[in-house]
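Mapping to my numbering: the sequence shown position 78 is 260, numbers consecutive.
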Amino acid sequence: MNIIECKNLTKEYLSGENVVKAVDDVTVSFRQGEFCAITGPSGSGKSTFLHVLSSLENPTSGNVYYGEKSLSSYNDNQLSILRRRRFGFVFQAYNLVQELTGYENILLPVMLDNKKPDEEYLNKVIDMLGIRDRLGHLPSALSGGQQQRIAIARALSNRPAILFADEPTGNLDGKSGREVLSLLKYVSKQLGVTLILVTHDLHVAEQAERILTIEDGKIVKDTRPAASV
């Protein structure tokens, strides 16, 4: 079953007097629970595609559908609520609040939503990510890999249906990057979360069940088996 899809999705920018199509008429769908990597050369449009797909940016034309509802039918406030409740985000920069402990950072989306934390679920996520002994530390006292694990836990705290990850291992050394990738795969599979991950690293992309290759804003290769389309 498809959880999110886009049809004829286009994102244009003005560069001087020229119009650049960062995303060029893309139609693609993602199934519930799958792990898909999006790769391509620098400047190919893969991060822009992720941002438009996840509603962080508006498309120039085309539509994104979450379930069967077009995101164009949501107003800004409704989109904010959708992102907070149904989408999780992990970026290359950890974007942790430096004045808050690890646990307080994890709780932030739940608190912003005025919800009571699901302690049993959060404990499960914390143990999956192996960060229980780091919850009381400020980000400045954590390594890059530990900060990214906190960021992943924060992204998962509201039980999202989809986890969007943009170069989540980009700031990490090889060992930490492999650990974070393994944890992303593990928690997405255990929790049934769709994982859509942008990476320029083919070794990272090869860990996914499916790889989309983007060049000049277009999907030039999709490894999803034909029977699954």
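All C-beta atoms, glycine included, are put in the ideal place defined by N, C-alpha and C. Computed from a prediction, not measured in an experiment: that's the story for all the values here.
Comparing C-alpha positions only, which one of the options sits nearest to residue i?
i, options, result
"Glu361", "Pro299, Gly327 and Phe217", "Gly327"
"Ser322", "Asn277, Arg336 and Ala343", "Asn277"
"Leu264", "Ser226, Glu349, Leu253 and Asn245", "Leu253"
"Lys400", "Pro342, Lys228 and Leu317", "Lys228"
"Gly244", "Glu281, Gln330 and Leu191", "Leu191"
"Phe273", "Gln389, Leu354 and Gln372", "Leu354"
"Gly352", "Leu338, Gln330, Leu345 and Met183", "Gln330"
"Thr381", "Leu304, Gln372, Leu363 and Val375", "Leu363"
"Val210", "Phe231, Glu199 and Pro350", "Phe231"
"Gly356", "His385, His233 and Pro223", "His385"
"Arg266", "Lys297, Glu281 and Ala275", "Lys297"
"Leu379", "Leu373, Gln372 and Gln389", "Gln389"
Compute the beta-carbon to beta-carbon distance between residue i and residue j, rounded to the nearest angstrom, for a pair I have assumed lies under 8 Å.
i, j, result
"Asn340", "Asp398", "In fact, because the Cβ distance is near 35 Å, the residues do not count as touching under 8 Å."
"Ile332", "Asn287", "6 Å"
"Arg336", "Leu366", "No, Arg336 and Leu366 are not in contact; Cβ-Cβ is about 13 Å, not under 8 Å."
"Asn347", "Leu377", "Going by the sequence as given, residue 347 is Ala instead of Asn. Yes, they are in contact, since the Cβ atoms of Ala347 and Leu377 sit about 7 Å apart, within 8 Å."
"Cys188", "Val279", "Contact flag wrong, Cβ pair sits at about 32 Å."
"Glu391", "Glu216", "6 Å"
When we look at the beta-carbon of residue i and count the other beta-carbons within 10 Å, is it buried (16 or more) or exposed?
i, result
"Asn240", "exposed"
"Gly359", "buried"
"Leu235", "buried"
"Gly249", "exposed"
"Ser226", "buried"
"Gly198", "exposed"
"Gly312", "exposed"
"Gly270", "buried"
"Leu196", "exposed"
"Val402", "exposed"
Given residue i, which residues of its chain have a CB within under 6 Å of its CB, disregarding the five upstream and five downstream residues?
i, result
"Glu194", "Val201, Lys203 and Thr242"
"His319", "Gly284"
"Val369", "Met310"
"Lys251", "none"
"Val307", "Ala335 and Leu338"
"Leu304", "none"
"Arg314", "Ile308"
Going along the chain, which residues of its own chain have a beta-carbon closer than 7 Å to the beta-carbon of residue i, five neighbours each way excluded?
i, result
"Ile393", "Ala219, Thr221, Ala387 and Thr405"
"Tyr256", "Leu264"
"Val292", "Pro299, Ser339 and Asn340"
"Asn184", "Ser211, Phe212 and Arg213"
Who are the Cβ neighbours of residue i in its own chain at under 8 Å, not counting the five residues just before and after it?
i, result
"Leu324", "Gly284, Arg316 and Ile332"
"Leu261", "Ser237 and Leu253"
"Ser410", "The pLDDT assigned to Ser410 is 49, lower than 50, so where the model puts this residue is not dependable, and the model offers no usable value."
"Asp206", "Thr192, Gly227, Asp398, Gly399 and Lys400"
Examine chain C for any beta-carbon lying closer than 8 Å to the beta-carbon of residue i, and answer yes or no.
i, result
"Ser211", "Protein chain content of the structure displayed is limited to a single chain, and chain C is not contained in it."
Threshold first: 4 residues or longer. Then list the alpha helix (DSSP H) segments lying entirely within the segment 195 to 234, N to C.
none
Which whole runs of the alpha helix (DSSP H) in the segment 259 to 327 are 4 residues long or more, in chain order?
284 to 294 and 301 to 311
List, from N- to C-terminal side, the alpha helix (DSSP H) runs of 4 residues or more that fit wholly inside the segment 337 to 386.
356 to 373
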